[in-house]
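Undergrad:
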Amino acid sequence: MKFESARKSFLDHLQIERGLSPNSISAYTRDLTTFGGYLSEKNLDFEMLNSADVMEYEIALKEKGLALSSVNRGVSALKTFYKYLSREYAITDPTTELSANSLPRKLPKALTIAEITALLNSTERIGDLTALRDRAILEVLYGTGARVSEVVGINLVDLGKSTVTGDEVTTLKLRGKGSKERIVPLGSFAKEAIENYLVRLRPTYLEKSKSKKSSALFLNSRGTRLSRQSAWQTVIDAADATGLTGKVSPHVFRHSYATHLLDGGADIRVVQELLGHSSVTTTQIYTLITIDKVREAYASAHPRAN
């Protein structure tokens, strides 16, 4: 794999999967361009680096006289880059011993239930059948905590039928990072949205494909599998329609899903399984959000809080 291909794949992931802002994407682009220049200068293969190589790169950044925040950002970008490559392409991560000077990790932002409801209702466009697909996508994002890549990767065979009635869709099979599969329950709202889309719109799209068949659940207007970019645009359009421009990405639905589950009393281990996290440590970031809410309530309501 060439460095430029890896860099492009990573930047696409940041934009589409994580929904980072253009400024953040530009910062990562600059940092990886600097790293790429260093690799060329030293005639190094990015897939063959060891911890000593990346430590020397950190030293090189410091010797440039950069501000500590710039060095920290460069180090953080490199760690994030290799973490992605390790997960997606099984490339050895040489950054594990880099100094942990990076700025504190930001907590994910969850939307309120009212904001989520507004986003979902924004798809109710009279006379526009595409709204059926858009509603189903948003309901699945929030109703299952799925990543956008997992949503567009859903196949018809992944719709789990009820063991009681045999025809009612009650679960979804999702394929997560590292090709890990998990089964998640499907709530009544998401189930209804999917069924409406399957009956009223998907057959029309399927007729427009050359083969007249597709295994994908979500199709575009040409009858082929919907792309991540198109699903991402669906979210952006909903945000624009509800005055939430800049606050919403596909991953925000995932953050909100986890936070609302924990706020409702769900066990963190259950949330871990639903999100497909390999470690509960990753899931615990969401408990900090709910703790912050408790602190805010205490500070505003208790007479001896301040």
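Counting from 15, one number per residue, gives the positions in the sequence shown under my numbering.
Ideal Cβ placement from N, Cα and C applies to all residues, glycine included.
For residue 157, report the span of its alpha helix (DSSP H) as first-last.
TA: Your numbering for residue 157 matches position 143 in the sequence shown. Segment 144-158, the alpha helix (DSSP H) holding residue 157.
Undergrad: On the DSSP bridge list, what partners appear for residue 230?
TA: Here residue 230 refers to the residue found at position 216 when the sequence shown is read from its first residue. Bridge partners of residue 230: 169.
Undergrad: Can you tell me which of the three DSSP states residue 198 falls into?
TA: Taking the first residue of the sequence shown as position 1, residue 198 is located at position 184. Strand.
Undergrad: Restricting to runs no shorter than 3 residues, where is the beta strand (DSSP E) found entirely within the stretch 45-90?
TA: Counting only runs of 3 or more, we get nothing.
Undergrad: Distance check for residue 102 and residue 96, CA to CA, integer angstroms please.
TA: Sequence index remark: in the sequence shown, residue 96 carries index 82 (1-based). Sequence index remark: in the sequence shown, residue 102 carries index 88 (1-based). Rounded to whole angstroms, residue 96 to residue 102 spans 10 Å at the Cα level.
Undergrad: Specify the secondary structure class of residue 134 as computed by DSSP and reduced to three states.
TA: Within the sequence shown, numbered from 1, the residue matching residue 134 stands at position 120. Residue 134: helix per DSSP, three-state reduction.
Undergrad: Quick check on residue 119: does DSSP put it in helix, strand or coil?
TA: To locate residue 119, count along the sequence shown from 1; it is residue 105. Per-residue confidence for residue 119 stands at a pLDDT of 47, beneath the threshold of 50, marking its modelled position as unreliable; the derived number appears in the next sentence. Reduced to three states, the DSSP call for residue 119 is coil.
Undergrad: Which residue marks the beginning of the beta strand (DSSP E) containing residue 188, and which one marks its end?
TA: If you number the sequence shown from 1, residue 188 lands on position 174. Note, residue 188: beta strand (DSSP E), 183-189.
Undergrad: In terms of DSSP beta bridges, what is residue 239 paired with?
TA: Along the sequence shown, one-based indexing puts residue 239 at 225. According to DSSP, residue 239 bridges with 233.
Undergrad: Thinking C-alpha only, which one of 315, 310 and 275 is nearest residue 300?
TA: Taking the sequence shown and counting its residues from 1, the one referred to as residue 300 is at position 286. The residue with the shortest Cα to Cα distance from residue 300 is 275.
Undergrad: Go ahead and label residue 119 buried or exposed: buried means 16 or more other beta carbons lie within 10 angstroms of its beta carbon, across all protein chains shown.
TA: The sequence position of residue 119 within the sequence shown is 105, counting from 1. Only weak support is given to the placement of residue 119: the predicted model assigns it a pLDDT of 47, under 50, and the question is left unresolved by the model.
Undergrad: Would you grab the beta carbon distance between residue 270 and residue 166 for me? Rounded to a whole angstrom, and I think it's under 8 Å.
TA: As a first step, residue 270 must be located in the sequence shown, where it is residue number 256. As a first step, residue 166 must be located in the sequence shown, where it is residue number 152. The Cβ separation is near 19 Å, so there is no contact.
Undergrad: By alpha-carbon positions, which one of 56, 163 and 290 ends up nearest to residue 67?
TA: As a position in the sequence shown, residue 67 is number 53, starting the count at 1. When each option's Cα is compared against that of residue 67, the closest is 56.
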